[in-house]
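**Q**
Residue numbers (this note's numbering): 278 to 522.
1. Mind listing, in chain order, the continuous beta strand (DSSP E) runs of no fewer than 3 residues lying wholly within the region 341 to 372?
2. Taking just the CA atoms, how far does residue 353 sit from residue 377?
3. Helix, strand or coil for residue 500 per DSSP?
4. So residue 410 and residue 431 are supposed to be a Cβ contact under 8 Å. How far apart are they, rounded?
5. In the region 396 to 467, which residue ranges form an unbroken beta strand (DSSP E) of at least 3 residues, counting only runs that do not cross its ends?
6. Out of 288, 398, 299, 340, which has the shortest C-alpha to C-alpha gap to residue 315?
7. Would DSSP call residue 337 helix, strand or coil?
8. Could you tell me if residue 339 is buried or exposed, where buried requires 16 or more neighbouring beta carbons within 10 angstroms of its beta carbon?
9. Taking residue 371 as the reference, which of 383, 434, 412 has the closest Cα?
10. Can you check whether the CB of residue 299 is closer than 8 Å to the CB of residue 429?
11. Within its chain, find whatever has a CB closer than 6 Å to the CB of residue 458; leave out the 5 residues flanking it on each side and keep chain order.
12. With residue 478 and residue 486 assumed to form a contact (beta carbons below 8 Å), what rounded beta-carbon distance in angstroms separates them?
13. Return the Cβ separation of residue 320 and residue 350 in integer angstroms, given the expectation that the two are a contact with Cβ distance under 8 Å.
14. When you compare only the Cα positions, how much space is there between residue 504 and residue 436?
15. Could you give the residue range of the alpha helix (DSSP H) that holds residue 310?
16. Measure from the alpha carbon of residue 461 to the alpha carbon of each residue in 474, 442, 448, then state which is nearest.
17. Starting from residue 323, trace the beta strand (DSSP E) in both directions and tell me its first and last residue.
18. Suppose you measure from the CA of residue 509 to the CA of residue 488; what does that come to, to the nearest Å?
19. Cβ atoms of residue 367 and residue 400: under 8 Å apart, would you say?
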């Protein structure tokens, strides 16, 4: 189901709502592939894992990803005491992006959550901007297999669903991981796209990165039901090989 007006994609100047995960990074890829001018990344850093719109673990490392993408990053920390706090922060970043980079469109990595899609679109429309969601409606397994096919290297950095234990924290999403996730989906109904918050991811390399990210220090937090893979230190390194866009 589409929400809001159809967008004519001609010479769009785009800001991407960026969390550092697989979907927002893939959204950047799709914008570049479509010929859009990606002007900047927008990152809201929530202080709680209960965020409905943005990733919580490792948000501060989006600056390293932005460097690998050679794109400016506009970032804002927010205390999520109310649902609208994140939206206020996003609107402020959008206004800043309009002023600094003359954007006319917001791009998101929304896949299946009508709530996320609607809230992002509302924020964009309020400022007179277009909004595109290039991954909208794609199947979870297809999204994961596309990541591998296109040359994305992605790890799981947060889990919060039955069937996803601590062994998933820090795990690379490869073919074996996809097969295991399909089993978890069959047993527990976990959404393979993770769009319901079942898990969160972090992209270490992508065809649009000019360098890869190497994690040099990390720790795992697990409370028996949910947990995070926390990046303590990381750096950019030369890519082993290039993958075309």
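From the three backbone atoms N, C-alpha and C, an ideal C-beta is built for every residue, glycine too.
**A** A quick look at the data gives this:
1. 350 to 355
2. 16 Å
3. coil
4. About 19 Å separates the beta carbons of residue 410 and residue 431, which is beyond the 8 Å limit, so they are not a contact pair.
5. 407 to 409, 430 to 436
6. 288
7. In the three-state reduction of the DSSP assignment, residue 337 falls in the helix class, which pools H, G and I.
8. buried
9. Closest in alpha carbon position to residue 371, among 383, 434, 412, is 383.
10. yes
11. A distance below 6 Å between beta-carbons, with the five flanking residues on each side excluded, links residue 458 to the following residues of its chain, in chain order: 469.
12. Going by Cβ atoms, the distance from residue 478 to residue 486 rounds to 15 Å, so no, they are not a contact pair.
13. 6 Å
14. Their backbone Cα atoms lie some 6 Å apart in a straight line.
15. 299 to 311
16. 442
17. 314 to 323
18. 19 Å
19. yes
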